[in-house]
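Chains as they are written, first to last, in UniProt numbering: chain P, 1 to 472; chain E, 1 to 472; chain D, 1 to 472. We put the beta carbon where it would ideally sit given N, CA and C, even for glycine. Everything on this sheet refers to the single structure shown next.
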Amino acid sequence: MSLPLTLHPDRLFPADEASRAVARALYAEVKDLPIVSPHGHTDPRWYAENEPFPDPATLFIVPDHYVFRMLYSQGVALEDLGVPRRDGGPTEQDSRKIWRIFAANQHLFRGTPSAMWLAHAFHEVFGVRERLDADNADRIYDQIDAQLKLPEFRPRALFERFNIEVIATTESPLDELKWHKQIKTSGWQGRVLTAYRPDPVVDPEFPGFAENLVELGRITGEDTTSWRGYLAALETRRAYFREHGGCTSTDHGHPTATTADLSPKVASDLFDKVRSGSFTAHEAELFRGQMLTEMARMSIEDGLVMQIHPGSFRNHNPGLLAKFGRDKGADIPTATNYVHALKPLLDRFGNETRLSIILFTLDETSYSRELAPLAGHYPSLKIGPAWWFYDSPEGMRRYRELVTETAGFYNTVGFNDDTRAFLSIPARHDVARRIDCGYLGRLVAEHRLDLDEAQAVARDLAHGLAKKAYKL
Amino acid sequence: MSLPLTLHPDRLFPADEASRAVARALYAEVKDLPIVSPHGHTDPRWYAENEPFPDPATLFIVPDHYVFRMLYSQGVALEDLGVPRRDGGPTEQDSRKIWRIFAANQHLFRGTPSAMWLAHAFHEVFGVRERLDADNADRIYDQIDAQLKLPEFRPRALFERFNIEVIATTESPLDELKWHKQIKTSGWQGRVLTAYRPDPVVDPEFPGFAENLVELGRITGEDTTSWRGYLAALETRRAYFREHGGCTSTDHGHPTATTADLSPKVASDLFDKVRSGSFTAHEAELFRGQMLTEMARMSIEDGLVMQIHPGSFRNHNPGLLAKFGRDKGADIPTATNYVHALKPLLDRFGNETRLSIILFTLDETSYSRELAPLAGHYPSLKIGPAWWFYDSPEGMRRYRELVTETAGFYNTVGFNDDTRAFLSIPARHDVARRIDCGYLGRLVAEHRLDLDEAQAVARDLAHGLAKKAYKL
Amino acid sequence: MSLPLTLHPDRLFPADEASRAVARALYAEVKDLPIVSPHGHTDPRWYAENEPFPDPATLFIVPDHYVFRMLYSQGVALEDLGVPRRDGGPTEQDSRKIWRIFAANQHLFRGTPSAMWLAHAFHEVFGVRERLDADNADRIYDQIDAQLKLPEFRPRALFERFNIEVIATTESPLDELKWHKQIKTSGWQGRVLTAYRPDPVVDPEFPGFAENLVELGRITGEDTTSWRGYLAALETRRAYFREHGGCTSTDHGHPTATTADLSPKVASDLFDKVRSGSFTAHEAELFRGQMLTEMARMSIEDGLVMQIHPGSFRNHNPGLLAKFGRDKGADIPTATNYVHALKPLLDRFGNETRLSIILFTLDETSYSRELAPLAGHYPSLKIGPAWWFYDSPEGMRRYRELVTETAGFYNTVGFNDDTRAFLSIPARHDVARRIDCGYLGRLVAEHRLDLDEAQAVARDLAHGLAKKAYKL
């Protein structure tokens, strides 16, 4: 007999009654605010075509690196989870079999955010009332699978049901924004924006960089073999993204937070070098750093908010990369320095009130030591929410405890779900709201904040700050 | 209508009732202990001349980098806050207007220690009973301003009212200690000591270093163009500070914790180099490191307690530095290594029981990894309290949680307020006492410490350890 | 009059009643599970000879670096604590006098795990009911001393009384495992295994490395002057340890986590170099790194679980080392990088499901940033429990909070006591069980885990995971 799946109304609130009572009251006021998702990786095609999502395994397991990396870490082969091989070699095609492996290994997810997100989606979206296990795997598979075929489970219907006020996707400057245009002309009222992620054309170590520059020249009509033409092409695409994709932000996923502020001559020479394909790792790093500063300059001109997401050692596992490709759970955080790394950019533009840079980190030691002091001083800097591995109850608590005393709440920007997993979006925002209300509840219970202040902050964290910071 | 300003008697105690009840009982026994302020930056002139403090804005906003940096981070110009420009250019002169900006932006300080310190001063010192906001800004301004003119709000009266047993200021070796002498001869009983801060004459990168050496020679009669004469001059001034300023400690604010133990010949050559003004950044660093070891030697001889405050990247914002000068909220912490950095000094003097070095950090990762293991072994090392950005409720809690298990309580030294903001001193000590009692309360509630032990520790943390560690 | 010594039944559980109630219930189910001690440093001779332990000071103070380092840090000379000098010079020989110093300084241990471990041993093993202090020092000394002479306080009797299911000691590959053999042939049923710690023969900077290689050749009959012979000798000893010591694991205590994967030719040349005694620090580091990869290869072949314990700056205090030798409380943690350091080994063997590497750290910043993401991906990696300075209530709490959300519980391996202090073993396991139950209690109280899940995890953390991870 399976066990009941429940979502307790007090979940994630502090265990002590004094804090919890305040948290509960605060949460009641913010839980139904619309979702603002200013940064993420859902596929705009879903909203454009509005086709049904596939079966449960293909929806919840095969594309979710949080899920399959945990199973892989315990010895389950990615082939058995249906993760496609780059060489097209055999992998499990039977979604039900994949689902059963997942069901039989639920204990691995105990205490992880994945467990909470999945429970939330199963319970709230699909009405599942049993905890998934080896015995009920098929029954729950069928229950979800059947609903996925219904019109009210198509992307647009879920978008509305999730009460999403606006969502941003992320595209390369080379993207023509076909799906965004299709959404716009479709008559559907859902607000789906793009964000400008130039890594493929500003990172010399990005696969296909040289070809990408050629393509960038082709679609903009600029001479991308020259530094000036290259910059003009990037600006042209920013304008295009603003016009055709409602873009309000850029995003930069560099391995470090390095910035540079080279003279035009030196920058131009460096560009020639990286364009030629013959450059050192240091030169690649320097070029990426220079491009952050160039992007800051463009942001001052066109108003796009900059996001910097540094510090991931991508594709740490070369064997896995060769077999299965990128984004397979093998991206590992590294210690990240901001104080020295950002200085060239800040020396140039740090005091610009027209510039807004949102800094993220995968190195929690930087919250109180670097990010909060920087954002608590420079008018151009804000701190993004707890990111990736730290988009989790404990991660968010540490974030508030480490950031708030130095940077306050108003140098932060609300929540990002940053996800490819559409079904997890309501769960993730709900976790963030609960944790923030819990943190505020403790401040009130400890008489460090008055209740009316906590109420105002709770609304800002759940809704207002994201809209303001991302100009939505 | 404005909202009431209250200071809840249980503020800052843990939210759970078991810990809170113990915290409350412990706090009752320490709250009225006199304040020992063994390290800080108040101006001795205040106590010497005993002139009234100026208006509310000039007292609370213009000189407080915690306050104006937060406003600056949200786009308020420092000129509008009356922060003086180095070129004498125009800045706001109307204190009331400055106050109004501050009042209208109180939400920025929610959850920060500044909010607590200000509320405490407003409530306890000036009897303010409304929460400051845009509407009551003028009324509260007037209320504070009127009191500042009264005799009982002059520095000495407040010193006594604050129950300050002893306070240390911080002076350069070039200071003649005029104000300290004036205090001593004035007949007033307040105990105000100096601390010896030699950065201007031991840091080759300090502005005016060469001139400072000349001046050091002049006032000591030593030949500060020679290494031996230079050391003798520093010793002479230490003796002067002990004799004329009641000095019991030195203070060293280097960018890192680097120490060195060079041979006299090499040290002498290095001195010649840095004195000439032609040296590398590495040589400057090495010289500062050597001087820490020289100061340790002198401390063994004359008994002055050493404080090392490393790890701040001072003046990170060159535009701001050029316009407004030092100490404008642009000092950013950096990752700081102690284990390797202190080794030369410790290899020489680490086992000296006559030596007492108090280590501070702006890198919280070093608490449990480096500082507690070092202080829990070397007889010459103690750990200073949570410093600067971490002189805050969460910062102090993390400090105790990270330090105590390895170093115990008795390798720590009580609280430092380390402040220029005289009016915040009672608030800061009160916060520290409350947080320490809260931490002890939790240990008792978790049956990790008996109540009588917690009572003894609470008294030591609030009063006894500071007196002992600083030889006061 | 002395104060009562009590062990509260709720000690170490969270202070809030909701979490505590669950913790209490969980703990009731695991408190009597047998102790699995898969890694530690007790002396196998104790179990082989079963001689009485000596007097209280020689048992609790003289060999325990946690205890004497704290006293040393407060100015007590190690000579006065009876710590033997390398030169055979005079040290205190009167155990009672040593005990009195310890008794008079109990306040130094407030809030430390040593205080809890000692209280547990005094109370549970010796029935002491007074808190040790200067007044009752002699009385408690006598009480313990008298019992130590009784048969039921000999090692084997205590082993059984402590309910130890299995314990591992740690030996050099040069050890003949005499005591393990003696235990095995004695007829006693206690299960005592060895672990293979090759530092003396794989670390070129280990004292006596060259002689150790000669000895390794002698006992294996292999030509340890050649790279191939050397590797064969190490393999021969692994087989010997498995056969004669029940060995299931190896242990590697390198200063960093550096690994290397050199070609056989380069490795062989490097071996010749380090064997010659003429090598750089970098070459020593590289050789140690290569040996970790060689050991991983051997582990895949023979199934021994690898433990890596990196990051201690051993013997930081050269004066103390010269006078008293190693392991005297002067080993200081350092920042440790895993992401880059482990890559050569992981590139080669990271995806091997037959390989199990347990990673430890003295740098808590790596828990959430590096270790949990690595272990949550690579099938060959697991995370060892909170180690050394962090084998403490707060240390274990931070560990669970920082590790679980990314790695789950099942990429961790239960508890290690890792101790030389036999009498502290029950206390240490009890602390770990209480803290884990407290953490789980909070997850249940916050509705992040169902009670039945917490019950299963509590059992696994207390018993099952250690057995499985160490193949016991």
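Within a 10 Å sphere around the beta-carbon of D:Ala168 sit 16 or more other beta-carbons, which makes this residue buried. Of the candidates D:Lys31, D:Ala28, D:Gly441, D:Gly245, D:Gly245 places its Cα closest to the Cα of D:Thr185. If only complete runs of 3 or more residues are kept, the segment 282 to 341 of chain D shows the beta strand (DSSP E) at 305 to 308, in order along the chain. Per the C-alpha coordinates, the member of P:Asp436, P:Glu79, P:Pro198, P:Pro34 positioned closest to P:Arg161 is P:Pro34.
Relative to E:Glu301, the option among E:Asp203, E:Thr353, E:Gly217 whose CA is nearest is E:Thr353. Within the segment 342 to 403 of chain P, the complete alpha helix (DSSP H) runs of at least 4 residues fall at 343 to 349, 372 to 375.
Our two residues, D:Leu234 and D:Pro173, have alpha carbons roughly 8 Å apart in a direct line. Taking 8 Å as the threshold, the shortest C-beta distance from P:His244 to chain E does not fall below it. Residues of chain D whose Cβ lies closer than 8 Å to the Cβ of P:Ser73 are, in chain order, Ala375, Gly376, His377, Tyr378, Pro379, Leu381, Ala407, Asn411. Around the beta-carbon of D:Asp32, fewer than 16 other beta-carbon atoms lie within 10 Å, marking it exposed. E:Leu26 does not reach chain D, its nearest Cβ partner there being about 14 Å away, counting only Cβ pairs nearer than 8 Å. Chain D places a beta carbon closer than 8 Å to that of E:Leu443, counting this residue as a contact. According to the DSSP secondary-structure assignment, E:Leu193 is paired through a beta bridge with E:Ala168.
Proximity of D:Gly350 to chain P, defined by a Cβ-Cβ separation below 8 Å, is satisfied. Listed along the chain, the chain D residues whose CB falls inside 9 Å of the CB of E:Thr365 are Ala335, Asp363, Glu364, Thr365. If you look at D:Thr185, you'll find it in the alpha helix (DSSP H) that goes 178 to 185. For P:Asp452, the closest Cβ of chain E is nearer than 8 Å.
Shown here for D:Thr224: same chain residues with a beta carbon closer than 6 Å to its own, the five before and five after excluded, namely Leu213, Leu216, Gly217, Tyr230, Ala233 in chain order. Assignment of D:Ser226 by DSSP, reduced to helix, strand and coil, places it in the coil class.
Your pair D:Val403 and P:Ile332 does not check out as a contact, with CB atoms roughly 14 Å apart and the cut at 8 Å. Within the same chain, and ignoring the five residues on either side of E:Leu381 in sequence, the residues whose Cβ sits closer than 7 Å to its Cβ are Ile357, Leu359, Leu374, Ala375. Within the same chain, and ignoring the five residues on either side of E:Gln74 in sequence, the residues whose Cβ sits closer than 8 Å to its Cβ are Asn105, Leu108.
Assignment of E:Val274 by DSSP, reduced to helix, strand and coil, places it in the helix class. Put simply, of E:Ser368, E:Val431, E:Pro379 the residue whose alpha carbon is nearest the alpha carbon of E:Pro393 is E:Val431. The residues Phe126, Phe153, in chain order, have a CB closer than 7 Å to that of D:Gln147 in the same chain once the five nearest residues on each side in sequence are set aside.
Contact check for D:Asp10 against E:His447 passes: the beta carbons are separated by less than 8 Å.
Here D:Leu3 is exposed: its Cβ has fewer than 16 other Cβ atoms, across all protein chains shown, within 10 Å. As DSSP reads the structure, E:Thr250 sits in a beta bridge with E:Tyr196, E:Met306. Listed in chain order, the non-local C-beta contacts of P:Arg85 below 8 Å within the same chain comprise Glu79, Thr91, Lys323, Phe324, local neighbours out to five positions each way being set aside.
The beta carbon of P:Leu12 falls within 8 Å of a beta carbon belonging to chain D, placing the residue at that interface. Within 7 Å of the CB of E:Phe313, the CB atoms of chain P belong to Val339, in sequence order along the chain. Closest by C-alpha distance to E:His429, out of E:Glu165, E:Trp46, E:Leu71, is E:Glu165. The DSSP-derived three-state label of P:Ile425 is helix. Between P:Asp436 and P:Gly40, the C-beta spacing is not below 8 Å. CA-CA distance, D:Asp450 to D:Val444, rounds to 6 Å. At a beta-carbon threshold of 8 Å, the residues of chain D lying near P:His8 are His447, ordered along the chain.
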